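Residue numbers (our numbering), protein chains in the order written: chain A, 1 to 196; chain B, 1001 to 1214; chain C, 2001 to 2244.
Even glycine gets a Cβ: it sits at the ideal position worked out from N, Cα and C.
Here the structure is a predicted model, which is why all the values come from computation and not from measurement.
All remarks here apply to the structure that follows.
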């Protein structure tokens, strides 16, 4: 469960947002809506715990550490997809043997070229390597900032399925997306307006 | 351990950085006889100091590479968010920097010393002082890299910030090597190394949290 | 008592209360510096070894003392701003850094000028001058980082961390420079061996030191108040002040 109370953030001489309130229960999704520059990324960073100059409260009740996937999704070009996944999971103490890692990558339609450095992959494929982490994480709260971008239609479909499975098992999802995601059209929305 | 392996794998697969540091060092050392004199009697006494300064410069120049790529692709954020102690990751990054930058120079030291007409026993003491002193350089360089990561500034900012802190290591290292291993300087250098290993990773971790919130 | 300290952390309180200090400091610094300058540069006796050029000491020594203590003050303010997240402490760090750098430059310049009549060269690598040079680079580092990182809070925090680390390293740097110097000390160097100074010399010296400090705090306070108004320009109390 994630709750935001009267969240305000003042950054670089302007208020990014003022007095935000929201509550997301297990099994629910929340979409952050706003134009470029309206503070979406900052809000995600606050929720993830990377940014702490704000007023108000962010409450993450008995959910452990959230999983944060931002614009830059932490895929190193010199390492292979398996090594990247291994490292990202190890950071949160969720190491797996190679079998589950390969299966997770396959779920996101990455079956070949797994032992090549990621420099050989396209942008969309690298994104899928990062997203494969979702299959193996035990985090209950997912913070996905623009996770659906840079993916083609099949990729978005897989991601939607994975997210819905997560919600069905009682997790919470907070995401932002420039494109409309039909499966989440009915999700609650939090609008951020850029203050001029 | 996984973190160290990751850093080393990245290093091994793109060794350009390490090779560049090496080439830089050899080039600068070659410039000195050209600029001053090829007379071995004048070069040899300067050798320890010159090689130490070149090592220091090479470490400073290579300092921000690995951290810059981690910041750019988002790995730094994930490292800050992870359950692993951040100070350990900073220490690992310093070790990786040492392996990629100082270790090649340390191994090259005999050749560099020969280029400056240094006698063998002095070269040995030079290498000993580098073994103790260069990790301190790497630890400070990683601190400097973390302070300047993500800033779109010239590459001269990091040296300006960190060079004053490297002066004690430079002085102690060169004194220890020049005096042929006088124990006082050796102990001081070792003490500085212990102090740096114990404190700098924590300072770097504090700065890492500041860096990702930019 | 803690609450009394806490009050001073608020920019509005600090601004209004410190206004009273300004004329006091201004008067004190003008008077004390004025007397010190007259006494030291004109009335005090010339040194029997160095002649009239010893008078540079009356500027160099206070500047050197102030340079070191201003770095310490900056680092302490930086520590306060890091631990208690006080904006006023951050503004204090930002405003004192250039002052400290200039004072260090003054110490370096006067030290160099003093060197010419004493040792024959404009620069000599003695322990004190070298330490002061490194101190200048420490100031320059904090200034450069602040400049590069912008005006955000994280920039302030990064510069503050650098200042604190600088303070912790300062003793190590000073010791190592001292060791380095004693090893390479040229035989003819005799600055450190001086007989005890008579009152007619340390009197004006003390006065100059106090005067320098008074001027330093005056300059810092003026800059700090200016910076506070700049930072809090959106708040009510500043808007009211502007309207008046």
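*Of the residues that make up the segment 1153–1173 of chain B, which ones have a beta carbon closer than 7 Å to any beta carbon in chain C?*
Against chain C - using a Cβ distance shorter than 7 Å - the residues of the segment 1153–1173 of chain B are 1153, 1157, 1160, 1161, 1163, 1164, 1165, 1167, 1168, 1171 and 1172.
*Reducing DSSP to helix, strand and coil, say where residue 2228 (chain C) ends up.*
In the displayed model, residue 2228 (chain C) falls within a helix according to three-state DSSP.
_Once the 5 residues before and after residue 2017 (chain C) are set aside, which same chain residues still bring their CB inside 8 Å of it?_
Closer than 8 Å at the Cβ level, and outside the excluded window around residue 2017 (chain C), lie 2008.
*Chain-ordered neighbours of residue 1175 (chain B) on chain C, where CB pairs are closer than 8 Å*: In chain order: 2179, 2180 and 2183.
*Rounded C-alpha distance that separates residue 2003 (chain C) from residue 2086 (chain C)*: Put simply, the backbone Cα of residue 2003 (chain C) is about 15 Å away from that of residue 2086 (chain C).
*asked:* Which runs of the alpha helix (DSSP H) at least 4 residues long sit entirely within the segment 2076–2148 of chain C? Give them in chain order.
replied: Counting only runs that start and end inside the segment 2076–2148 of chain C, the alpha helix (DSSP H) elements of at least 4 residues fall at 2087–2119.
*Test: residue 65 (chain A) CB closer than 8 Å to a CB of chain B*: So, interface residue.
*Could you tell me whether any Cβ in chain A is nearer than 8 Å to the Cβ of residue 1213 (chain B)?*
Residue 1213 (chain B) belongs to the set of residues whose beta carbon lies under 8 Å from a beta carbon in chain A.
*Is the distance from the Cβ of residue 1208 (chain B) to the Cβ of residue 1146 (chain B) below 8 Å?*
Yes, the pair counts as a contact, with Cβ atoms nearer than the cut-off.
*Rank B:1092, B:1141 and B:1172 by C-alpha distance to the C-alpha of residue 1157 (chain B) and give the top, closest one.*
Shortest Cα-Cα distance from residue 1157 (chain B) to any of B:1092, B:1141 and B:1172 involves B:1141.
*Sorted by chain position, which residues of the same chain lie with C-beta nearer than 6 Å to residue 2130 (chain C)'s C-beta, five sequence neighbours on each side aside?*
Cβ contact annotation for residue 2130 (chain C) (same chain, cutoff 6 Å, sequence separation greater than five): 2177, in chain order.
_Using only the alpha-carbon positions, how far apart do residue 2167 (chain C) and residue 171 (chain A) sit?_
Rounded to the nearest angstrom, the two C-alpha atoms are 48 Å apart.
*How about residue 145 (chain A) and residue 44 (chain A): do their beta carbons lie closer than 8 Å?*
Closer than 8 Å, so yes.
*asked:* Taking 6 Å as the limit between beta carbons, can you name the residues of its chain near residue 135 (chain A), skipping five residues before and five after?
replied: Counting only Cβ-Cβ distances below 6 Å, and skipping sequence neighbours, we find 104 and 107.
*asked:* Taking contact to mean 3 or more Cβ pairs, one atom from each stretch, closer than 8 Å, check whether the segment 44–56 of chain A and the segment 88–104 of chain A are in contact.
replied: These segments do not touch.
*Proximal residues of chain C, C-beta to C-beta of residue 1210 (chain B) below 8 Å*: Those within 8 Å of residue 1210 (chain B) in chain C are 2154, 2157, 2158 and 2161.
*Do the segment 2029–2049 of chain C and the segment 2119–2133 of chain C meet, that is, are 3 or more Cβ pairs less than 8 Å apart?*
Taking 8 Å as the limit for Cβ pairs, the verdict is that the segment 2119–2133 of chain C does not touch the segment 2029–2049 of chain C.
*CB-CB under 8 Å to residue 1109 (chain B), same chain, minus the five flanking residues each way: which ones, in chain order?*
In its chain, beyond the 5 residues on either side, 1051, 1123, 1126, 1127 and 1130 have a beta carbon closer than 8 Å to the beta carbon of residue 1109 (chain B).
*According to the neighbour-count rule (16 or more other Cβ atoms, all chains shown, within 10 Å of its Cβ), is residue 1180 (chain B) buried or exposed?*
Flag for residue 1180 (chain B) reads exposed.
*Among residues of its own chain, excluding the 5 on either side of residue 59 (chain A), which ones have a beta-carbon nearer than 6 Å to its beta-carbon?*
Non-local C-beta neighbours of residue 59 (chain A) in its own chain, meaning closer than 6 Å and more than five positions away in sequence, comprise 3, ordered along the chain.
*Please report how far the alpha carbon of residue 101 (chain A) lies from the alpha carbon of residue 57 (chain A), in whole angstroms.*
Straight across, the Cα-Cα distance linking residue 101 (chain A) with residue 57 (chain A) is about 36 Å.
_Neighbouring residues, chain C, relative to residue 198 (chain A) (Cβ below 8 Å)_ = A query on residue 198 (chain A) cannot be resolved here, the shown segment of chain A reaching from 1 to 196 and no further.
*Do we get a CB-CB distance below 8 Å when we pair residue 1083 (chain B) with the residues of chain A?*
Yes, contact with chain A.
_Spatially closest choice to residue 2198 (chain C) from C:2114, C:2044 and C:2136, by CA coordinates_ = Closest by alpha carbon: C:2044.
*Please classify residue 1036 (chain B): does DSSP put it in a helix, a strand, or coil?*
Three-state result, residue 1036 (chain B): coil.
*Do you know offhand how far residue 2019 (chain C)'s Cα is from residue 2153 (chain C)'s?*
Using only the alpha carbons, I get a separation of about 26 Å.
*Any C-beta of chain B sitting closer than 8 Å to the C-beta of residue 2138 (chain C)?*
Residue 2138 (chain C) belongs to the set of residues whose beta carbon lies under 8 Å from a beta carbon in chain B.
*asked:* When you compare the CB positions of residue 1115 (chain B) and residue 1004 (chain B), do they come within less than 8 Å of one another, or not?
replied: No, these two residues do not count as a Cβ contact at 8 Å.
*What is the DSSP secondary structure of residue 2017 (chain C), reduced to helix, strand or coil?*
Helix, per DSSP.
*asked:* I'd like to know if the segment 2064–2082 of chain C and the segment 2155–2164 of chain C are in contact, where contact means that at least 3 CB-CB pairs between them fall below 8 Å.
replied: The answer is yes - the segment 2155–2164 of chain C touches the segment 2064–2082 of chain C, with three or more Cβ pairs under 8 Å.
*the segment 2093–2111 of chain C contacting the segment 2021–2035 of chain C, beta-carbon criterion three pairs below 8 Å*: Per the Cβ contact rule, the segment 2093–2111 of chain C is not in contact with the segment 2021–2035 of chain C (fewer than 3 Cβ pairs under 8 Å).
*Under 9 Å by beta carbon: chain C residues contacting residue 12 (chain A)*: From the beta-carbon of residue 12 (chain A), the residues of chain C found nearer than 9 Å are 2150, 2151 and 2152.
*DSSP state of residue 196 (chain A) mapped onto helix, strand, coil*: Because the pLDDT of residue 196 (chain A) is 48, which lies under 50, any placement of that residue in the model is unreliable, and the number read from its coordinates should be weighed accordingly. Three-state result, residue 196 (chain A): coil.
*In three-state terms, what does DSSP make of residue 38 (chain A)?*
Three-state result, residue 38 (chain A): coil.
*Host beta strand (DSSP E) of residue 142 (chain A) (start-end)*: 141–145 is the span of the beta strand (DSSP E), which, as asked, contains residue 142 (chain A).
*Could you give the DSSP three-state label for residue 2173 (chain C): helix, strand or coil?*
Judged by DSSP in its simplified three-state form, residue 2173 (chain C) adopts helix.
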